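Notes follow once the structure below has been shown.
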Amino acid sequence: MARRTVVTGDDQEPEDEERTAVNSSARFSIDDRDLDDDLRPQSLTEVIGQRKVVERVRIMLEAAQARGDALGHLLFEGPPGLGKTTLAMVLPKELGSDFQITSGPTLRAPKDLLPYLTRASEKSVLFIDEIHRLPPAVEEFIYPAMEDFRVDIALGEGLNARTVNMSLKPFTIVGATTRSGMLTAPLRDRFVN
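Just so you know, we're using the working numbering here: the sequence shown kicks off at 1291 and counts up by one.
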């Protein structure tokens, strides 16, 4: 078993993990990867702040669940630290669906986005942080996925080229941006107001 650093409330040196696990309930493991998830809200009722935004999202969630449809695509915009990512991470928990996360700068070409789209399950959420940094080619590739839940894949080049139309399961894209002015109008128009 690998050793982990353990912080205790007393001045004693950390002991072997197996012997000390029973001794103190006030232990905190620095390497605990689940701590971030434990501290984040697990539902909309646990979100502190942004009451108007949370209430609008709650109404949209209830409407989507009543219709039995995927939630409409959402765009969260504002300065850093307002909870855009936190709110996006609560949505799949509220929907009981899958969650994928990526960032605009990592999606350099349509082929980088394709795995996320094909893995999206029914009513799942794809969160794209820094969506304003998507290259134009990726933006254009994502339009039919957002509107019609399909993608067009070009195979081959020149006279032998053909296009394959691939259907996708209805899913939700949640975009987050700190620079809404850098979003193109066609991309912005595809999100729910």
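The beta-carbon is built from N, C-alpha and C at its ideal position, and this holds for glycine as well.
Keep in mind that this is a model prediction, so the values were computed, not measured.
Measure the C-alpha to C-alpha separation of Arg1348 and Leu1377 and round it to an integer number of angstroms.
Here residue 1348 is taken as the residue at index 58 of the sequence shown, counted from 1. Here residue 1377 is taken as the residue at index 87 of the sequence shown, counted from 1. Taking the straight line joining both Cα atoms gives about 11 Å.
Identified DSSP bridge partners for Leu1361:
Working through the sequence shown from its first residue, we reach residue 1361 at position 71. None, per the DSSP bridge assignment.
For Val1464, which of helix, strand or coil comes out of DSSP?
Here residue 1464 refers to the residue found at position 174 when the sequence shown is read from its first residue. In the displayed model, Val1464 falls within a strand according to three-state DSSP.
Throw me the rounded Cβ distance for the Leu1364 and Val1464 pair, which I believe falls under 8 Å.
Here residue 1364 refers to the residue found at position 74 when the sequence shown is read from its first residue. Here residue 1464 refers to the residue found at position 174 when the sequence shown is read from its first residue. Right, the Cβ-Cβ distance comes to about 5 Å (below 8 Å), so this counts as a contact.
Neighbour-count burial assignment, Thr1467, 16 or more Cβ in a 10 Å radius:
In the sequence shown, counting from the first residue as 1, residue 1467 sits at position 177. Buried, by the Cβ-count rule.
Taking the CB atoms as reference points, tell me whether Pro1382 and Val1415 lie closer together than 7 Å.
Taking the sequence shown and counting its residues from 1, one reaches residue 1382 at position 92. Taking the sequence shown and counting its residues from 1, one reaches residue 1415 at position 125. Here Pro1382 is near Val1415, since their CB atoms are less than 7 Å apart.
Can you tell me whether Asp1442 is helix, strand or coil according to DSSP?
Position 152 of the sequence shown, counting from 1, holds the residue named residue 1442. In this structure, Asp1442 counts as strand in the three-state DSSP scheme.
So, are the CB atoms of Arg1452 and Leu1445 less than 7 Å apart?
Here residue 1452 is taken as the residue at index 162 of the sequence shown, counted from 1. Here residue 1445 is taken as the residue at index 155 of the sequence shown, counted from 1. A distance below 7 Å separates the beta carbons of Arg1452 and Leu1445.
Please identify the residue among Asp1419, Val1441, Met1472 whose C-alpha is closest to the C-alpha of Phe1431.
Indexing the sequence shown from 1 puts residue 1431 at position 141. Out of Asp1419, Val1441, Met1472, Val1441 has the C-alpha closest to the C-alpha of Phe1431.
Beta-carbon spacing of Ile1421, Thr1392 below 7 Å
One-based indexing of the sequence shown puts residue 1421 at position 131. One-based indexing of the sequence shown puts residue 1392 at position 102. Against a cut-off of 7 Å, the Cβ pair of Thr1392 and Ile1421 comes out as no contact.
For Val1482, the nearest candidate out of Met1436, Gly1386, Lys1401, Thr1408 (CA to CA)
Looking up residue 1482 in the sequence shown gives position 192. For Val1482, the nearest C-alpha among the options comes from Met1436.
Please classify Ala1360: is it buried, with 16 or more other beta-carbons within 10 angstroms of its beta-carbon, or exposed?
Within the sequence shown, numbered from 1, the residue matching residue 1360 stands at position 70. By the 10 Å Cβ count, Ala1360 comes out buried.
Length of the line joining the Cα atoms of Ser1470 and Gly1368:
For the purposes of this step, residue 1470 is identified with residue 180 of the sequence shown, where counting begins at 1. For the purposes of this step, residue 1368 is identified with residue 78 of the sequence shown, where counting begins at 1. About 8 Å.
Under the DSSP definition of a beta bridge, which residues are partnered with Val1415?
For the purposes of this step, residue 1415 is taken as the residue at position 125 of the sequence shown. In DSSP, Val1415 forms a bridge with Phe1389, Thr1462.
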